[in-house]
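>
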Amino acid sequence: MSDRQVPKWADFKPLLRVKPIEFNRTARQLAGALTISDLRAIARRRVPRGVFEYTDGAAESEISLRRARQLFRDVQFNPSVLRDVADADMTTLVLGRDASVPFAFAPTGYTRMMHHEGERAVVRVAERRGIPYALSTMGTTTIEDVALAAPDARKWFQLYVWTDRRVGEDLMTRAQAAGFEALILTVDVPVGASRLRELRNGFSLPPALTARTILETATHPAWWLNLLTTSPLTFALLTSSGGTLGEVADKLFDPSMTIVDLEWLRSFWHGPLIIKGIQTVDDARRVVDAGADAIVVSNHGGRQLDRAPVPLRLVPDVVDAVGDRTEVWVDSGIMTGGDIVAAIALGARATLVGRAYLYGLMAGGERGVDRAAELLTREVRRTMQLLGVSSIGELQPSHVQLP
Ligand SMILES: Cc1cc2nc3c(=O)[nH]c(=O)nc-3n(C[C@H](O)[C@H](O)[C@H](O)COP(=O)(O)O)c2cc1C
């Protein structure tokens with residue numbers, strides 16, 4: 027039997043770890059968030075239910091989103107050991123220029139609803155961290171204000187094509203004048219989707235004061251105070267009579283658009299053109315033949331067609347078909363840096379992340395977006411090192427096995 031003794035202060039003292047007290051609740055919560063899923067859990071408590079569901083939700087039975095996330099989880103990594111991974115260089119060439127990490131902030135609509143700092147918060151983080159940022163047509167901050175908020179960020183403008191072509195022409199001219207580097211044309215929204223969580227919550231844009239939302243004022247007073255004491259929450263780039271996003275899309279955007287319209291687009295946009303929402307190898311070939319500089323294999327984060335192809339699954343075939351002529355990017359379902367590494371290993375040049383940074387934004391504004399970017403960046407680096415690679419170029423399909 028071991029001898030026992032009465033513990034003395036001198037025995038305790040070396041074990042004591044007194045951490046400085048963080049009085050700011052947001053900072054404390056963000057520091058405690060170790061994953062994007064943790065940020066999601068904080069976000070859920072921070073914003074009214076309708077706002078969270080709008081962001082978190084997807085179309086119809088949400089099968090597209092679930093399958094996209096599941097395939098990332100099902101990835102098996104094959105590491106190489108005994109390699110020098112003291113440094114892992116995450117730099118990658120995107121549209122011919124260095125990006126500090128292989129991911130960019132995806133275009134997302136109605137961002138100021140998730141947090142009153144909205145697009146400005148996101149683009150400032152993008153600027154500080156060298157991450158490209160895409161402003162949505164459905165944004166809540168103007169092109170010019172986004173440019174002012176982060177003059178040195180790499181900024182891309184995402185376009186939906188209006189039935190009235192002049193609106194798109196005007197937006198492209200403004201984006202070019204404000205120094206936006208590239209245009210992303212989103213092609214998977216010929217019509218609005220059925221997002222059931224939005225419909226069930228009676229969600230509308232702008233948020234309507236109904237009996238339910240007034241009740242929510244009591245549970246989320248800070249969010250409402252910010253909403254009502256900052257500039258009115260409206261679409262910054264379009265005028266709409268309101269409704270769900272699907273209704274707005276159906277009223278304004280042109281479902282008759284075809285590949286021939288890319289010529290029209292090209293005559294107005296003189297920089298790189300990215301086509302977002304490619305979901306078959308054939309379409310990848312068609313848009314590259316028509317002059318796309320990059321394509322995003324994407325199902326819109328599961329927010330458009332339900333039971334759509336899983337983007338990650340398509341990457342190897344699309345890269346085989348057009349990878350020598352264009353950059354192939356991918357998004358939908360990315361929740362960790364490991365997901366990003368898997369996509370790059372399978373041949374994607376870069377990834378977009380949407381909800382991952384929006385959860386951060388809802389959880390804590392600019393600081394929350396920064397935390398999301400920090401977590402993803404750390405995870406990318408650590409996954410590369412554990413795989414035995416020290417640069418993005420060393421990632422190979424053999425590092426990843428898909429079921
Ligand atoms: C709340 C929200 C709003 C979005 N709004 C747009 C948009 O206005 N234009 C667009 O091209 N894509 C939009 N997307 C899709 C994203 O650009 C991206 O394709 C998607 O979020 C990727 O999936 P992930 O959220 O799992 O990362 C939106 C996504 C979310 C979650």
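The working numbering puts the first residue of the sequence shown at 27, with every later residue one more than the last.
Ideal Cβ positions, reconstructed from N, Cα and C, are used throughout, including at glycine.
Since the structure is predicted, the reported quantities are computational estimates derived from the model, not experimental observations.
#1: Do Q330 and D214 have their beta-carbon atoms positioned less than 8 Å apart in this structure?
#2: Where DSSP assigns a beta bridge to W188, which residues make up the other side?
#3: What are the boundary residues of the beta strand (DSSP E) that includes I47?
#4: Could you check what DSSP says for S230 in three-state terms: helix, strand or coil?
#5: Whose CA, out of V111, L161, A160 and V120, lies closest to the CA of R408?
#6: Indicate whether L121 and D319 have their beta-carbon atoms separated by less than 8 Å.
#7: For L378, which of L402, E392 and A389 has the nearest alpha-carbon?
#8: To which residues does DSSP link I301 through a beta bridge?
#9: Is any heavy atom in ligand 1 found nearer than 7 Å to the beta carbon of Q184?
#10: Taking the beta carbon of K39 as the centre, do at least 16 other beta carbons fall within 10 Å, making it buried, or is it exposed?
#11: Do the segment 351-367 and the segment 83-96 make contact, defined as three or more Cβ pairs closer than 8 Å?
#12: Give the C-beta separation of G349 and V107 to the nearest angstrom, bearing in mind that I take them to be a contact with Cβ-Cβ under 8 Å.
#13: Could you check what DSSP says for W249 in three-state terms: helix, strand or coil?
#14: What does the Cβ neighbour count give for E425, buried or exposed, with the cut at 16 atoms within 10 Å?
#15: Of all the CB atoms in chain D, is at least one closer than 8 Å to the CB of A152?
#16: On a CA-only basis, which of A334, P335, I418 and G390 is nearest A374? Give me that one, please.
#17: According to DSSP, is G269 helix, strand or coil?
#18: In terms of residues, what are the limits of the beta strand (DSSP E) holding T236?
To lay it out plainly:
#1: Contact: yes.
#2: DSSP output for W188 lists F279 as bridge partner(s).
#3: Run containing I47: none; DSSP gives neither H nor E here.
#4: coil
#5: V111
#6: yes
#7: L402
#8: L211 and I321
#9: yes
#10: exposed
#11: Short answer: they touch.
#12: Distance from G349 to V107 at the Cβ level is roughly 29 Å; contact not present, criterion being Cβ atoms closer than 8 Å.
#13: It is helical.
#14: Note that residue 425 is His in the sequence shown, not Glu. So H425 ends up on the buried side.
#15: Included in the structure is just one protein chain, with no chain D present.
#16: The candidate whose alpha carbon is nearest that of A374 is I418.
#17: strand
#18: Note, T236: premise wrong, no beta strand (DSSP E); not H, not E.
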